[in-house]
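Residue numbers (the numbering used here): 8 to 119.
We put the CB at the ideal spot given by N, CA and C, even for glycine.
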Amino acid sequence: MTVKRIVANIEGSKPKEANAFYAGILGMDHGWIVTFASDAMAMAQVSIATEGGSGTPVPDLSIEVDNLDEVHSRMREAGIATEYGPVSEPWGVRRFYVRDPFGRLLNILAHD
Numbered sequence: 008m009t010v011k012r013i014v015a016n017i018e019g020s021k022p023k024e025a026n027a028f029y030a031g032i033l034g035m036d037h038g039w040i041v042t043f044a045s046d047a048m049a050m051a052q053v054s055i056a057t058e059g060g061s062g063t064p065v066p067d068l069s070i071e072v073d074n075l076d077e078v079h080s081r082m083r084e085a086g087i088a089t090e091y092g093p094v095s096e097p098w099g100v101r102r103f104y105v106r107d108p109f110g111r112l113l114n115i116l117a118h119d
């Protein structure tokens, strides 16, 4: 048996706000559900953590991007507060935390 895909489902009553928040990251809107995906092949992964690393809270989602500075700039321009970082972590990622429109803590990261 092989796990082929893992999908994180987030309850949210504001798909338009979700689309605006995630615009420029990844997205597709079906009206009743907003799905953010990439055409790139990705490994299925579930992480169980006691903390988020460096003493931070465990994020609800981790989203790897190819240009962290660009995404961070877009978040700031949209008035979205950064809760942690950007910081280069000792395990080889650069990252920051923000909250989406539903209050979910997101770990936005790029590998060094």
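Which class does residue i belong to by DSSP, given the choice of helix, strand or coil?
i, result
"F28", "helix"
"V94", "strand"
"S80", "helix"
"M35", "Note that M35 scores a pLDDT of 47, beneath 50, so its modelled location is shaky; the value from the coordinates is reported in the next line. Strand, per DSSP."
Using 8 Å for Cβ pairs, my map puts residue i next to residue j. What's the rounded Cβ distance?
i, j, result
"S69", "N26", "Contact doesn't hold; Cβ gap of about 20 Å is too wide."
"F103", "T89", "5 Å"
"T63", "Y91", "5 Å"
Answer yes or no: do residue i and residue j have a C-beta to C-beta separation smaller than 9 Å?
i, j, result
"V72", "I87", "no"
"A85", "V100", "no"
"G59", "V53", "no"
Segment contact, 8 Å Cβ cut-off, at least three pairs: the segment 75 to 83 with the segment 16 to 24: no
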